[in-house]
Each structure stands twice: as C-alpha cells, then as structure tokens.
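Here the sequence shown is numbered in numbering that gives the first Met the number 0, starting from 0 and rising by one per residue. Every residue, glycine too, gets a C-beta built ideally from N, C-alpha and C. Predicted, not measured: the structure shown is a model, and the values here were computed from it. Just below is one structure, and these are the notes that go with it.
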Amino acid sequence: MHQIASKNVICVRSSSPTLNSCNVSFTLSPVCDNNEAPTISESFIQLDKLTLPPILLAAVERKEIDFSIPKRSKLKEYVMDFLFDVMKQQYGLFPSTSNFYEIANELFLRYPSLKPRHCNGSELLVHLLKAKFKRVRRPLLNDEQVAQFKIKYSRINSGRKRNSVLLNESVNLCSAKRHCHHSSDKNVDDGITQDIIKSMKNECQKLRPDIEFLAHQIILSIEALKYTCRNERTLDVLNKFPALYYEKVLFAAARVITNTDIDNNCLLLLGRMKEGMKKLIDLKKPLSARWQTLCNGVLDEISDATIKNLYCLILPSIFCDEEALLFTMTLDPIYPTPALKIEGDAINPTRISLVVDGLTLSNSVPDVTCGLGLVICSYYIFDIAYPKKLQKTLSFLEHYVFERRSKLPANIQNIASFLNL
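Laid out in structure tokens, this is it:
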C-alpha cells in the first residue's frame, strides 16, 4: 500500500493488480505525528484537481475519447484545454518535462480508458501537451525574448569561446558542427611571432597601410592567428590582429589555412552555374516570390557581374535555407555568424559590409561575389561552426569551392546536377 498525505487529504493506492485503478480519498483532521510528519512533493498534482468536467466524464464512460487514433476531435481538444489550465495554474507557462510526465501518469491512473492501447500513452500525451504550450506561448514572446530563450537552451557545439555583441552572452548559436577545422591547439608565443604581430599593428595605424605587407605578415604569423581565433573572443582577435579588417588580408589568411584561392574559386563556380540557374528560375523551382519577381525580365538586361551577384543572393532560397544567415538588406545581421549587410537594392547595392559577431570587419566590400568569399573565409579563420539553417548552402559552396571528393547529400546533389555541376 502506498500513501501520499497532504494537510487534509490522504490518497491510498493499492499495489494489488485488481485495485490498480482505484483511488480512495478520506477527509481527515490534521494529525501530528511525533516521529515524522508526512510530506508531499511540491510538483505532485493532486487527484482532485484532475477531476474532469461532467461532459468529459460522460465521454470517458462511453469511451468516446481515444488517444490511440491520430484523428483530431473536439473532445480531445477539451481534454487538452483542461490539462493545460491545470498545469498553467500550478507551474505557469514554462513547466518542466517531469511536470508533463507527472500529469500524464496521474491522468491515466485515474482514467485508464484514456490510455492508448497500441503505444506509450505518456509519451503521446506529453508530446501533445508540449505542442499546446508552445502554441500558447508563441504569440506572447517578442523577438528579444525568443533570442534570450535561444541563449538559455542552445547547445554550444563549436567549443570556441564566442562573445556575441548582439546577445551579450558567451554562446554560439550554431548547431551544425563542422568537421573541417584547421585550428591550432599550440600556442605560438616566441619572440619572432610577437615582433611580426607588433609590426602589423604599427602598419595598421598608418593612414595608408601597405596591404601587401600586411598580407605577407599574416601568413608568417598564421599559427598564432589560428590559436587566438580558437581560444579568444572575436573582439580580442581583432584587437590583436587588426589587419583582419582588410579584405585582402582575410583572403590571404584563408588561403594559407585552406590551401585554396577562395575568391577565384567562387567566381569560377558562379560562372559554371550561370546556365543552370537560368533554367532553374525559368522553371520556377523553389524560389521565393521576391526573387522570382526580381529575376523576371531582368537577367537579359544586366551584366554578367551583376547576374553573379544576384545568384549569390538566391542561393539560400534554392536550398530552402534562411537567407538572413548569409545576408541582410539594410538591417544589421541578427545572428553572430558571418554575414553580409547590403544597403540599397539587390541589383545595385550602395554599400556592402562584412559583419562577424556584431562587429563590422569591412564596410567597403566591392561586390556580393567578393562578399560571399569573405563569408566563407571568416568561417575558417574565426573557427566558427556552420549554422544549421544555412548548412545546405554552405556545404554546397564548400564542396565545389574547395573541390571536395566526398559525396554530397542527395538533396544537395540533385540541385547541383540541375545546375550542370
């Protein structure tokens, strides 16, 4: 026999199989035990709160509510509304997973006929209840609150100490861990390297620094750069290596790390995609209405360079990725991962900036194709994991820009084949 006692109520449950579904309640006067006072878990939901309304009790007796059938019904919705009200009253809008399982188990203990016959009833009910709470909470949260919850519940996968200026938290919101890092775990702190870093800082302070000199020096100090990027915040990296504010230096550093001319290979890839992209747009494949409207009647009137810029912006839409992770129009990027801020219209932008972790590395990027190469460089230089919602686009670019021999996933390979790659 199991007893659970509160101030005025004692619920007695029998461990006998024949009495498994019976619950007997006795109203008692408060009794003080000299040995040990009976206690009750604060998270326990009393059975008197789980007494269904008369209309639902009648439906339960007639066995009209069956959670084993996936079909929706008003009676099921009434049950979910009832459970939602009980949980909201006791736990608020953010109950824990254990709270969901407690109420599911207590409900099926009191009303065994509600438990699905062919599946785990608790798992199913918990899933439905969580979905109910999410639907109710969603309209109540603004963008700032959503960002804070992402910080609180995100999983840090890159292993790097991120310092998001946007979110004021040391967190990496990327959830798709890359497996192609070139980071160094060895701290290079010899005198020669420190002299090189000091010479770069002095050169950057000049009104017209020698970019070729900076590009050469960053190559000589590449091990120190990789170690710093792996272990320090973005702002600290830029303070130590201010030469990274220049596009040519970024390309030079990435060329040493990846052994690839990223800028040149991006241009070659976009040239190979030209005919396939036209067919894709003509067939109205997965393109948003915004890009479909922009491309109609424009591709024959603009230069090849402008067409390549446009194709860069369309790439996330083709792979059904989130374009805000690659570029934003006029607005500041909302994610700490590398992205472009494009001012003006998509075809003739007035200014293009490279932003990493809320910090502007360059506000004079010559065009979108160059910006795309700089975004790829930044992922490698700053040792940042690919964000999950841009993973398909970046995996596609990485495969062809770096000429990988590994197989692409089927969904990416299908689009690549359509683009004649």
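Cβ-based burial, residue i [other Cβ within 10 Å; buried from 16]
i: P52; result: exposed
i: C31; result: Caution is warranted here: a pLDDT of 39 is assigned to C31, below 50, making its placement in the model unreliable, and no coordinate value can be reported.
i: T50; result: exposed
i: K133; result: exposed
i: H126; result: exposed
i: R136; result: exposed
i: T336; result: buried
i: R207; result: exposed
i: R61; result: exposed
i: E101; result: buried
i: N201; result: exposed
i: E304; result: As written in the sequence, residue 304 is Ala, which differs from the Glu given in the question. So A304 ends up on the exposed side.
i: F93; result: exposed
i: R229; result: buried
i: R404; result: exposed
i: S361; result: buried
i: K205; result: exposed
i: E76; result: exposed
i: Q390; result: buried
i: D194; result: exposed
i: N413; result: exposed
i: T96; result: exposed
i: N308; result: buried
i: D262; result: buried
i: I375; result: buried
i: I301; result: exposed
Which listed residue (the options) has its alpha carbon closest to that of residue i
i: I306; options: C319, P332, E274; result: E274
i: V248; options: S220, G91, I383; result: S220
i: L358; options: D331, T392, Q204, D366; result: D331
i: N258; options: Y77, E63, Y90, V400; result: V400
i: C421; options: I411, V255, C376, N263; result: Residue numbering for the chain in the displayed model covers 0 to 420; residue 421 lies beyond these limits and cannot be assessed.
i: T212; options: L243, V354, S97; result: Thr is not the amino acid found at residue 212; the sequence shown has Phe there. The shortest Cα separation from F212 among L243, V354, S97 belongs to L243.
i: V355; options: S95, A338, L309, H398; result: A338
i: H398; options: L420, S377, K388; result: L420
i: F66; options: Y77, S95, K114; result: K114
i: L268; options: A415, L108, G91, S97; result: A415
i: D366; options: D344, A130, L324; result: D344
i: P315; options: G91, F250, L396; result: L396
i: R232; options: D382, R109, N413; result: D382
i: V255; options: N413, R109, I380; result: I380
i: E402; options: D260, L279, L312, Q88; result: D260
i: I280; options: I313, Y334, A130; result: I313
i: F250; options: I196, G91, Y334, I210; result: I210
i: I317; options: R71, T392, I196, G91; result: T392
i: C311; options: G270, I333, Y334; result: G270
Residues of its chain near residue i, where Cβ-Cβ distance is below 6 Å and the 5 sequence neighbours each way are ignored
i: I341; result: F326, M328, P348, I351
i: L439; result: This structure cannot speak to residue 439, because the chain is shown only from 0 to 420.
i: S377; result: P337, V355
i: A323; result: none
i: K131; result: M79, F83
i: L124; result: A103
Beta-carbon proximity list for residue i, same chain, < 8 Å, skipping 5 on both sides
i: T227; result: D235, V236, K239, F240
i: L421; result: Outside the shown range of the chain, which is 0 to 420, sits residue 421, and nothing can be said about it.
i: L128; result: M79, L82, F83, M86, F99, I102, A103
i: S394; result: Y385, L407, P408, I411
i: C203; result: L213, P241, A242, Y244
i: S198; result: Q216
i: S121; result: Y100, A103, N104, F107
i: V364; result: E246, L339, I351, S352, L353, G370, L373
i: S72; result: I64
Residues that residue i bridges to, as DSSP identifies them
i: F326; result: L339
Contact set for residue i: own chain, Cβ-Cβ below 7 Å, skip 5 residues either direction
i: C265; result: T368, L371, G372, V400
i: L224; result: I217, F240, A252
Proximity test, Cβ basis, 8 Å: residue i and chain C
i: E63; result: Structure shown: chain C not included; a single protein chain is present.
Inset, instruction - Run through the stretch 332 to 397 for me and flag every whole beta strand (DSSP E) of 3 or more residues, listed as ranges in chain order. - result: Listed in chain order, they are 338 to 343, 348 to 355, 358 to 361.
Legend entry - 4-residue-minimum alpha helix (DSSP H) runs that sit fully inside the stretch 184 to 266, ordered along the chain: Counting whole runs of 4 or more residues, the stretch 184 to 266 contains the alpha helix (DSSP H) stretches 190 to 203, 210 to 219, 221 to 230, 233 to 239, 246 to 257.
Legend entry - alpha helix (DSSP H) runs contained entirely in the stretch 70 to 101, provided each spans 4 or more residues: The qualifying runs are 73 to 90.
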